[in-house]
Amino acid sequence: MKATEILIAEHTVIGRVLDALEEAVRNDQAAGPEFFITAADFASGFADGCHHRKEENVLFKAMSASGVPVERGPIGMMLNEHEQGRQLIRAMRRGAAEWKNGQQAGRSETLEAAGQYVLLLRQHIAKENNVLFPMADHFIPLQEQGQVAEDFERVEHAETGEGVHEKYLALAESLEKQARAWAHVSG
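The opening residue of the sequence shown carries number 103 in this note's numbering; numbering runs sequentially from there.
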């Protein structure tokens, strides 16, 4: 499997959580602050901690070494959006913690940050899948693409820890099940 195919498969998992998060925003009373805290854990641990780490520490470096500019190009834009996502996750987590402690302003902050995160990530994933990853496939020499995929494995297992990927896949499934239950009740 090509390195970009690995990332696209991870985008599918992230997209499922974005769907669940969107449903939680619509049904925030049923979801409650704990759902958003758990979703922030997924976003920090999987979307950012594993997936974005592979992109930033492996793919983007391989693309840069193959002649794709980092500044003022698609890589720079993706790095900027990764940071925007981190800020939104921090705001969602902060708001959910305040909401959990009975502060209604926290609820508003949570819902706003969650909605912005869903929008940002959906657009971000579309750009990567349709522009950046085909560019990576074009610029990174075929004989080096296998090394990129191997380096992804190193990131996933050595840097994030054994079994972490599986933990987050199970967490994604749990978030989806909760959201499906609310959609069924409200729909």
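Glycine is no exception: its CB is placed at the ideal position from the N, C-alpha and C atoms.
Bounds of the alpha helix (DSSP H) holding Met180 are 176-202. Within the same chain, Cβ atoms closer than 7 Å to the Cβ of Gln186 are found at Leu222, the five residues on either side in sequence being excluded. Secondary structure note for Pro236: its alpha helix (DSSP H) is the uninterrupted segment 235-241.
If you look at Met165, you'll find it in the alpha helix (DSSP H) that goes 162-167.
About 6 Å separates the beta carbon of Leu277 from that of Ala141, a gap short enough to meet the 8 Å contact definition. Taking the Cα of Ala145 as reference, the smallest distance to any Cα among Val170, Leu273, Ala285 is reached at Leu273.
In its chain, beyond the 5 residues on either side, no residue has a beta carbon closer than 6 Å to the beta carbon of Glu230. By the CB criterion at 7 Å, His154 and Glu112 fall outside the cutoff.
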